[in-house]
Amino acid sequence: MEIIIHDTPQEAAVAGARMVARLVREKPEAVLGLATGGTPLPLYRELVRMHREEDLDFSRVTTFNLDEYLSLGPEHPQSYHHFMREHLFEHINIPKENTHIPDGMTLDVPAFCRDYERRIAEAGGLDLQILGIGSDGHIGFNEPGSSFASRTRIKTLTRETLQDNARFFDGDPTLVPRHCITMGIGTIMDARCVLLLAFGPGKADAVAGMVEGPVTASLPASILQHHSTAKILLDSPAAATLQRADYYRWVRENRPSWQQD
Ligand code: F6R
Numbered sequence: 194m195e196i197i198i199h200d201t202p203q204e205a206a207v208a209g210a211r212m213v214a215r216l217v218r219e220k221p222e223a224v225l226g227l228a229t230g231g232t233p234l235p236l237y238r239e240l241v242r243m244h245r246e247e248d249l250d251f252s253r254v255t256t257f258n259l260d261e262y263l264s265l266g267p268e269h270p271q272s273y274h275h276f277m278r279e280h281l282f283e284h285i286n287i288p289k290e291n292t293h294i295p296d297g298m299t300l301d302v303p304a305f306c307r308d309y310e311r312r313i314a315e316a317g318g319l320d321l322q323i324l325g326i327g328s329d330g331h332i333g334f335n336e337p338g339s340s341f342a343s344r345t346r347i348k349t350l351t352r353e354t355l356q357d358n359a360r361f362f363d364g365d366p367t368l369v370p371r372h373c374i375t376m377g378i379g380t381i382m383d384a385r386c387v388l389l390l391a392f393g394p395g396k397a398d399a400v401a402g403m404v405e406g407p408v409t410a411s412l413p414a415s416i417l418q419h420h421s422t423a424k425i426l427l428d429s430p431a432a433a434t435l436q437r438a439d440y441y442r443w444v445r446e447n448r449p450s451w452q453q454d
């Protein structure tokens, strides 16, 4: 795990966008795993800016989103289909057929999930997976207790996640769908590179558990300690309870000049 602490979410997001952009420039047919929620928004804004001002080309990129609420159709304003169009896809030159998001209206969830896994494999696997983290330590919607071997499937959201996400549903947790389709932890761990972003004091405990706690299904993100290429981009408040924060900063300050992000 590489822990990279920035002063602000904006700085961290720009650093993350540069990593994505470098991959896309080196491998124009890159396969990206995408997240939704509040955390990746500044990263997506920066990618849109790079597309407009620096000719960052997404025409051969393929994307797979982590998750979608069950029962929300693609036009629902709180669906992740809507989110992705609004914040990224409508502003870059990615062909619609190259973008994949779980279908919240599927009538056969297990068959859909098997097919989603098949499509990821057929695309050659994920080159880079962008992640946020839930305050309960979830990645994707793999809530505490999720198997580390899990693949794309249905999950039931915890009360804590319903409460956290109520802000997108008029502040009412009863309006947040209780079920979702999410990539599994095994699916995420197969990505060749993982980029997790976490901002704000509300994420500090989950971040400390993920980075410095035991690897446990009770804190799903802790499995990233076993990923060979996981970069964790934090702002200072999200890093506030890390015991070794000084060391992580020291590592960055003393990076050999040949090392790139
Ligand atoms: C979103 C996702 C979730 C979020 C997490 C944090 O696709 O998979 O794991 O990354 O719930 O959400 P925010 O960023 O809104 O705090």
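Adding 193 to a residue's 1-based position in the sequence shown gives its number in the working numbering.
C-beta: ideal position from N, C-alpha, C; glycine also.
Beta-carbon contacts of residue i that lie in its chain and below 7 Å, excluding the five residues immediately before and after
{"i": "R312", "result": "H293"}
{"i": "V404", "result": "M194, I196, I425, L435"}
Check: residue i C-beta below 7 Å from any heavy atom of the ligand F6R
{"i": "L259", "result": "yes"}
{"i": "L412", "result": "no"}
{"i": "T409", "result": "no"}
{"i": "I140", "result": "In the structure as shown, the chain starts at 194 and stops at 454, and residue 140 therefore has no counterpart that could be examined."}
{"i": "A401", "result": "no"}
{"i": "A431", "result": "no"}
{"i": "A228", "result": "yes"}
{"i": "H331", "result": "yes"}
{"i": "L236", "result": "no"}
{"i": "F334", "result": "yes"}
{"i": "G406", "result": "no"}
{"i": "I381", "result": "no"}
{"i": "G231", "result": "yes"}
{"i": "L319", "result": "no"}
{"i": "I347", "result": "no"}
Nearest-angstrom Cα separation, counted from residue j out to residue i
{"i": "F392", "j": "G231", "result": "9 Å"}
{"i": "T256", "j": "P430", "result": "30 Å"}
{"i": "T327", "j": "N286", "result": "According to the sequence as given, residue 327 is Gly; it is not Thr. Cα-Cα distance, rounded: 30 Å."}
{"i": "L240", "j": "L234", "result": "10 Å"}
{"i": "A423", "j": "A433", "result": "20 Å"}
{"i": "I347", "j": "Y440", "result": "39 Å"}
{"i": "V302", "j": "V254", "result": "26 Å"}
{"i": "Y273", "j": "L259", "result": "10 Å"}
{"i": "M219", "j": "H372", "result": "Strictly speaking, residue 219 in this sequence is Glu, with Met absent from that position. For E219 and H372, the distance between alpha carbons rounds to 37 Å."}
{"i": "M212", "j": "L388", "result": "9 Å"}
{"i": "F282", "j": "K289", "result": "8 Å"}
{"i": "Q356", "j": "F334", "result": "14 Å"}
{"i": "K396", "j": "M243", "result": "28 Å"}
{"i": "C365", "j": "M382", "result": "Note on identity: in this sequence residue 365 is Asp, with Cys being the wrong assignment. Taking the straight line from one Cα to the other gives about 33 Å."}
Own chain partners of residue i with C-beta closer than 8 Å, once the 5 adjacent residues on each side are dropped
{"i": "Q271", "result": "Y262, L265, F361, F362"}
{"i": "F305", "result": "P295, D296, T299, I374"}
{"i": "P449", "result": "none"}
{"i": "E336", "result": "G327, D329, K348, T349, L350, T351, T354, P413"}
{"i": "H275", "result": "P267, E268, H269"}
{"i": "E208", "result": "Note on residue identity: the sequence assigns Ala, not Glu, to residue 208. Taken in chain order, the residues that qualify are I197, H199, L426, D454."}
{"i": "G406", "result": "L412, S415"}
Chain-order list of residues whose beta-carbon lies under 6 Å from that of residue i (same chain, five-residue window excluded)
{"i": "A171", "result": "This structure gives no information on residue 171, because the portion of the chain shown stretches from 194 to 454."}
{"i": "A342", "result": "G379"}
{"i": "P394", "result": "P430"}
Next on the checklist: Quick check for students: name the residue ranges of the beta strand (DSSP E) that lie wholly in the segment 398-429, counting only runs of 3 or more.
Outcome noted: 423-428
message: Could you tell me which whole alpha helix (DSSP H) segments of length 4 or greater appear in the segment 286-337?
response: 302-315
| query | Curious, which full-length alpha helix (DSSP H) runs of at least 4 residues does the segment 369-397 contain? | reply | Qualifying alpha helix (DSSP H) stretches, in chain order: 378-382.
Segments of 4+ residues assigned as alpha helix (DSSP H) that fall wholly inside the segment 215-287: 234-247, 273-280
>> Would the segment 197-207 count as touching the segment 243-251 if we require 3 or more Cβ pairs under 8 Å?
In response: no
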